[in-house]
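Data block below; observations after.
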């Protein structure tokens, strides 16, 4: 964020706000910002009003019948001084509930949702008068969020629309937050037993996989396509991922690049030799866990959270078992992996927008801005001092209330509309094997190539969706045919030609325009 909402600087922005307050009079329709000052700048705020919130990302903790019983929601209202009525859609029906909400013409004051997933993005929903632009409101009533964004211009750019409108109170990753939790996992006790070093190159992986199959009875690498697409594991060694990415500022689609053919050639060979699990087409996390904990595989793509869940079961069957995160594969020893996993500081999750039917925009803004204050950040991340955490040597340390039942963290804290604290993440992923995996998986160049979270226009969204439905289906099916040996790799050029015929160049063109708009944000 620059020193003011518009280019002329902070003084001009404040002057504009003051002028608007002068001419607007006393009446304030719903969804409009009342420029007259009504509430103080400290919490708790004195107000008898109740705000309504539709929360499409959270849910009530299972131990409670209602959010009114849950400690987090009780404490949030106490600290802000604002009464809140929350509504949560039925689990698994968020999209349907969201569409019904908009069509009802009875909007709450605040809607929490991932607006970047919607066709046309938040810009469309501002234009269609569902939610309001927040520039003036942030300038006047959200000093905490404003101050943070001024210090973090890249995050500031990410939380705006292409026309530089603020639309939400976002979930952001704070300084030093890892944002890395997916990568390759290997049975290191098997490596030691077989006299092998941790694999670094594709050739190392081939040697290891053959040894695991021949000496340990492994059924091959186990991974889900979801994690594979996210990280570019293995295909990244050939300079591509199974998705869109940036190369020298240009949008590329990995599955039609020459490197993808090289990757397919390698995986075809590995599959034919039994080095990749035969069920990769339908693999999910449950099957991965079963294969790993029953010692049917020694190599998976997994998460730090799963790592901690799998180890007790693995150790129960084999006390000597060890599992560790290893580097993303490269072609040549000493290379830094081009791709891998790393979240953007803003992912779109848990973004709270204020609707056009909000009856008190100032109150809603102040309620949401609390989460970005020093006190609010501690509360959102760690809960209540003396109950869920203690300050030890100046650092928050979770108490047994959390550490002996880590699921209870969801009773007391909430990651949405917040600045995620690395100290929370590091305590949640505190085991030595988790910390080592995060450090290893972080050593990539992914942020040089990762697509920013761009927003297509409504028209672009529709066309991209129509084209990609066909492209994605054909690409996924043919990729498996190449790997399984049902399609000769010599037909790769025909496969690329078909994807081009289906319209991939048009999609790349539209995504390029979206990237250009993103880069032009101020």
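Residue numbers (the working numbering): 5 to 526. Heads up, the beta-carbon is just placed ideally off N, CA and C, and yes, glycines get one too.
- In the structure shown, residue 396 falls within a strand segment according to DSSP collapsed to helix, strand and coil.
- As for any alpha helix (DSSP H) of minimum length 4 sitting wholly inside the stretch 36–118, the runs are 75–84 and 98–108, ordered along the chain.
- For residue 217, the closest of 309, 237 and 195 by C-alpha to C-alpha distance is 195.
- Where residue 221 is concerned, there is no enclosing beta strand (DSSP E), because DSSP gives it neither an H nor an E.
- Assigned with DSSP and collapsed to three states, residue 162 falls in helix.
- The stretch 239–306 is shown to contain whole beta strand (DSSP E) runs of 3 or more residues at 248–251 and 254–257, in chain order.
- For residue 339, the closest alpha carbon among the candidates 162, 327 and 447 is that of 447.
- For residue 327, the closest of 436, 110 and 124 by C-alpha to C-alpha distance is 436.
- For residue 328, the secondary structure class from DSSP, reduced to helix, strand or coil, is strand.
- Contact between residue 175 and residue 353 holds, with the beta-carbon distance rounding to 5 Å and staying under 8 Å.
- Counting only residues of its own chain and dropping the five nearest sequence neighbours on each side, residue 486 has a CB closer than 7 Å to the CB of 268, 272 and 493.
- Non-local C-beta neighbours of residue 223 in its own chain, meaning closer than 6 Å and more than five positions away in sequence, comprise 281, 300 and 301, ordered along the chain.
- For residue 189, the uninterrupted beta strand (DSSP E) segment begins and ends at 186–191.
- Its Cα nearest to that of residue 362, the residue 111 stands out among 381, 66, 103 and 111.
- An exposed status is given to residue 69, since fewer than 16 other beta-carbon atoms sit within 10 Å of its beta-carbon.
- Judged by beta-carbon spacing, residue 255 lies beyond the 8 Å limit of residue 500, meaning their Cβ atoms are not closer than that value.
- Setting aside the 5 residues that flank it on each side, residue 380 is surrounded in the same chain by 374, each with a C-beta closer than 6 Å to its C-beta; the list follows chain order.
- According to DSSP, residue 401 shares a beta bridge with 394.
- With respect to residue 209, residue 333 sits close: the two C-beta atoms are nearer than 8 Å.
- Here residue 288 has 228 as same chain residues with Cβ atoms under 8 Å from its own Cβ, once five neighbours each way along the sequence are excluded.
- Membership of residue 460 in any beta strand (DSSP E) is not indicated, and neither H nor E is assigned to it by DSSP.
- The criterion of a C-beta distance shorter than 8 Å is not satisfied by residue 135 and residue 307.
- Counting along the chain, no alpha helix (DSSP H) covers residue 358; the unbroken beta strand (DSSP E) around it starts and ends at 355–358.
- Under the criterion of beta carbons closer than 8 Å, residue 525 and residue 148 do not qualify as touching, at roughly 22 Å.
- Under the DSSP assignment, residue 234 falls in the alpha helix (DSSP H) whose first and last residues are 229–235.
- DSSP places residue 308 inside the alpha helix (DSSP H), whose first and last residues are 308–321.
- As DSSP reads the structure, residue 423 sits in a beta bridge with 176.
- Under a 10 Å Cβ-count criterion, residue 404 is classified as exposed, with fewer than 16 other Cβ atoms of the shown protein chains found around its own Cβ.
- In the three-state reduction of the DSSP assignment, residue 449 falls in the coil class.
- Each of 90, 89, 484 and 119 was checked against the Cα of residue 103, and the nearest Cα belongs to 119.
- Beyond the five residues adjoining it in sequence on each side, residue 283 comes within less than 7 Å, by CB distance, of 291 in the same chain, given in chain order.
- By the criterion of a C-beta distance shorter than 7 Å, residue 387 is surrounded in its chain by 393, 416 and 417, once the five residues flanking it on both sides are discounted.
- Your pair residue 263 and residue 185 does not check out as a contact, with CB atoms roughly 26 Å apart and the cut at 8 Å.
- With contacts defined as CB atoms closer than 8 Å, residue 475 and residue 503 qualify as a contacting pair.
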